[in-house]
Amino acid sequence: FIQLILNASWSILFFGLRSPLLGFMEILLLWLAILLTLMTFYRISTIGAFLLWPYFVWVSFAAILNFSIWFLNR
290 FIQLILNASW SILFFGLRSP LLGFMEILLL WLAILLTLMT FYRISTIGAF LLWPYFVWVS
350 FAAILNFSIW FLNR
């Protein structure tokens, strides 16, 4: 549920408020939440952790794009 809120918040910050910096700071929180979930799942189920990797990679890529947009437009 926390990740869902963070994911929706990113869209509001980045697109709604047109703030790549706030979007980047928020996506770092989302990235951390996914990483913590991944580590927790690994202790319970390695398959569950394995299935979260594509989401983790996608958010990492989105964070790089978000940072690039902020950096190039500051």
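Position 1 of the sequence shown, counting from 1, maps to 290 under the working numbering, and the rest follow consecutively.
Each residue gets a CB set at the ideal place from its N, CA and C atoms; glycine is no exception.
query: Could you give the DSSP three-state label for ARG332: helix, strand or coil?; result: helix
query: In this structure, does DSSP put ASN362 in helix, strand or coil?; result: coil
query: Pop quiz: GLU315 and SER334 are said to be a contact at Cβ under 8 Å. What is the actual Cβ separation, rounded to whole angstroms?; result: At roughly 28 Å, the Cβ-Cβ gap does not stay under 8 Å, so GLU315 and SER334 are not in contact.
query: Please identify the residue among PHE313, ASN296, ILE336 whose C-alpha is closest to the C-alpha of ILE358.; result: PHE313
query: Helix, strand or coil: which one does DSSP assign to SER308?; result: coil
query: Let me know if ILE301 comes out buried or exposed under the rule of 16 or more other beta-carbons within 10 Å of its beta-carbon.; result: exposed
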